[in-house]
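Colleague: Protein chains in written order, with my numbering: chain A, 34 to 126; chain B, 3 to 293.
Ideal placement from N, C-alpha and C gives every residue a C-beta, glycine not left out.
In this text, all values refer to a predicted model and were calculated from it rather than measured experimentally.
After the structure tokens below, expect a handful of questions from me.
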């Protein structure tokens, strides 16, 4: 995943927070997903920065005391999983 | 008869009424109306689909996803009867077919049609749960089919707890409080389609704030009974899989309603050893948790 790209939420996905966890429901597949605390932070940052992954990364660096390269790798991996499950779409910036 | 916080009266089949009513509640009359589909000019219809052991189809004037509170629509049960909701008069009209019987009318109105009316009008969200009162507090039992809801509901009734629901329950949100709306005074602790079961005198008719949801999980007969509070997505699952209605156009609003409800209601997972002789242990554990 190239962090210079932008992601958008799929139209068919609904998301709400419950007890600090993000609950996602994909209307296409009828699958639901739960995001843990870190996943929830990433999802909320994607919402806040309208999918700009560079801004999401900067936001996460402020929140978490983790080496930059580890955070980049985790963010890439997380976004790849969202794409794989049809929850977000990737666009060029 | 008091059902879903309304006075329901079978006008043409008075033997179906239990003569309980409250003057402060809205009345819904159930009236025989020959050719009720034509009478209400319901020109659209779906294909046949299975429902409670019969074949059924919907009739309407406009597509369901455009439904609002003034929406008249019908449900036809093949060869049994047709029901129509007259949204202007707030009445249920029905026409008989060859295999009509009064008990079948009562079943289809209470079990299926009225809950659909209330959900489509957004009066309540309907959940497929068992529900009883413990110390004046409604609790719900949620589980997949054959998961033990009816058996556990039956045990609580035998122990003297008022029944709110054997199959479907209304939920009404007022601010941050979620009220349990008792459905109808029948209980069916056995598997038989198209029947309401036994009349229950100890039926709670008054909406009260929902106290907790217990989601039932089967375990080996020698497992210990345990109760664990659920959080996050596990909480939401207890509501999501207790859906009564499955219209695509309502999925988003139901998702939003139940995720919001999950923030305000305690949800517990009860591990139930699959042994009827140990049902009392499960009962006592839930009582202890609730009181």
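(1) State the beta-bridge partners of residue 85 of chain B as determined by DSSP.
(2) Quick one: using the 10 Å Cβ neighbour count with 16 as the cut-off for buried, is residue 201 of chain B buried or exposed?
(3) Closest Cβ-Cβ distance between residue 231 of chain B and chain A: below 8 Å?
(4) In angstroms, rounded to a whole number, what distance separates the CA positions of residue 94 of chain A and residue 62 of chain B?
(5) Beta-carbon separation of residue 113 of chain B and residue 156 of chain B under 8 Å?
(6) Would you mind stating whether residue 274 of chain B and residue 215 of chain B have Cβ atoms separated by less than 8 Å?
(7) Just list the residues that DSSP pairs residue 140 of chain B with in beta bridges.
(8) Measuring CA to CA, which of B:49, B:175 and B:106 is closest to residue 125 of chain B?
(9) Let me make sure I understand the geometry here. Which of B:143, B:198, B:265 and B:33 has the alpha-carbon closest to that of residue 179 of chain B?
(10) Does residue 40 of chain A get closer than 8 Å to chain B when you measure Cβ to Cβ?
(11) For residue 7 of chain B, count neighbouring C-beta atoms within 10 Å of its own C-beta (all shown protein chains included) and say buried if the count is 16 or more, exposed if not.
(12) When you compare each of B:85, B:66, B:76 and B:208 to residue 250 of chain B by their alpha carbons, which one comes out closest?
(13) How would you label residue 236 of chain B, buried or exposed, when you count the other beta carbons within 10 angstroms and need 16 or more for buried?
(14) Once you ignore the five residues that flank residue 55 of chain B on each side, which residues in its own chain have a CB closer than 7 Å to its CB?
(15) Counting pairs of Cβ atoms below 8 Å between the region 251-264 of chain B and the region 51-62 of chain A, do you hit three or more?
(16) Comparing the C-beta of residue 52 of chain A with each C-beta of chain B, is any distance below 8 Å?
(17) Whose Cβ in chain B lies nearer than 8 Å to the Cβ of residue 111 of chain A?
(18) Going by CA-CA distance only, name the one from A:84, A:96 and A:107 that's closest to residue 42 of chain A.
(19) From residue 217 of chain B to residue 199 of chain B, what distance separates their C-alpha atoms?
(20) Shorter than 8 Å from the beta carbon of residue 238 of chain B to some beta carbon of chain A?
(21) Do residue 164 of chain B and residue 134 of chain B have their C-beta atoms within less than 8 Å of each other?
(22) At a CB distance below 9 Å, what residues from the region 19-32 of chain B approach chain A? Give them in sequence order.
(23) Given that a residue counts as buried once 16 or more other Cβ atoms are within 10 Å of its Cβ, and exposed if not, what is residue 110 of chain B?
Modeller: Reading it off the structure:
(1) In the second chain, the residue the question calls residue 85 of chain B occupies position 83. DSSP lists B:77 and B:96 as partners of residue 85 of chain B.
(2) Stepping through the second chain from its first residue, residue 201 of chain B is reached at position 199. Result: exposed.
(3) Looking up residue 231 of chain B in the second chain gives position 229. Not one chain A Cβ lies under 8 Å of residue 231 of chain B.
(4) As a working note, residue 94 of chain A is residue 61 in the first chain. As a working note, residue 62 of chain B is residue 60 in the second chain. Approximately 55 Å between the Cα atoms of the pair.
(5) If you number the second chain from 1, residue 113 of chain B lands on position 111. If you number the second chain from 1, residue 156 of chain B lands on position 154. Taking 8 Å as the Cβ cut-off, residue 113 of chain B and residue 156 of chain B do not qualify as a contacting pair.
(6) The residue given as residue 274 of chain B occupies position 272 in the second chain. The residue given as residue 215 of chain B occupies position 213 in the second chain. Cβ distance not < 8 Å, so residue 274 of chain B and residue 215 of chain B don't count as in contact.
(7) As a position in the second chain, residue 140 of chain B is number 138, starting the count at 1. Its beta-bridge partners are B:135.
(8) As a first step, residue 125 of chain B must be located in the second chain, where it is residue number 123. Residue 125 of chain B has its Cα closest to that of B:175, out of B:49, B:175 and B:106.
(9) Residue numbering aside, residue 179 of chain B sits at position 177 when the second chain is read from its first letter. Selected option, being the one with the closest Cα: B:265.
(10) Here residue 40 of chain A corresponds to residue number 7 of the first chain, with the count starting at 1. False, the Cβ-Cβ gap to chain B never drops below 8 Å.
(11) The count along the second chain starts at 1 and reaches residue 7 of chain B at position 5. With 16 or more Cβ atoms within 10 Å of its Cβ, residue 7 of chain B is classed as buried.
(12) Against the second chain, residue 250 of chain B aligns to sequence position 248. Per the Cα distances, B:66.
(13) Translated into positions along the second chain, residue 236 of chain B becomes position 234. Its Cβ being crowded by 16 or more others within 10 Å, residue 236 of chain B is buried.
(14) What you label residue 55 of chain B is simply residue 53 of the second chain in a count that begins at 1. Correct list, in chain order: 195 and 196.
(15) yes
(16) As a first step, residue 52 of chain A is located in the first chain; it is residue number 19 there, counting from the start. Closer than 8 Å: yes.
(17) In the first chain, the residue the question calls residue 111 of chain A occupies position 78. Here the premise fails: no neighbours, minimum Cβ distance about 17 Å.
(18) The residue given as residue 42 of chain A occupies position 9 in the first chain. For residue 42 of chain A, the nearest C-alpha among the options comes from A:84.
(19) As a working mapping, residue 217 of chain B is identified with position 215 in the second chain. As a working mapping, residue 199 of chain B is identified with position 197 in the second chain. One C-alpha to the other measures close to 23 Å.
(20) Walking along the second chain from the start, residue 238 of chain B turns up at place 236. Yes, contact with chain A.
(21) Residue numbering aside, residue 164 of chain B sits at position 162 when the second chain is read from its first letter. Residue numbering aside, residue 134 of chain B sits at position 132 when the second chain is read from its first letter. The answer is yes: Cβ separation under 8 Å.
(22) none
(23) Locating residue 110 of chain B in the second chain gives position 108, where the first residue counts as 1. With 16 or more Cβ atoms within 10 Å of its Cβ, residue 110 of chain B is classed as buried.
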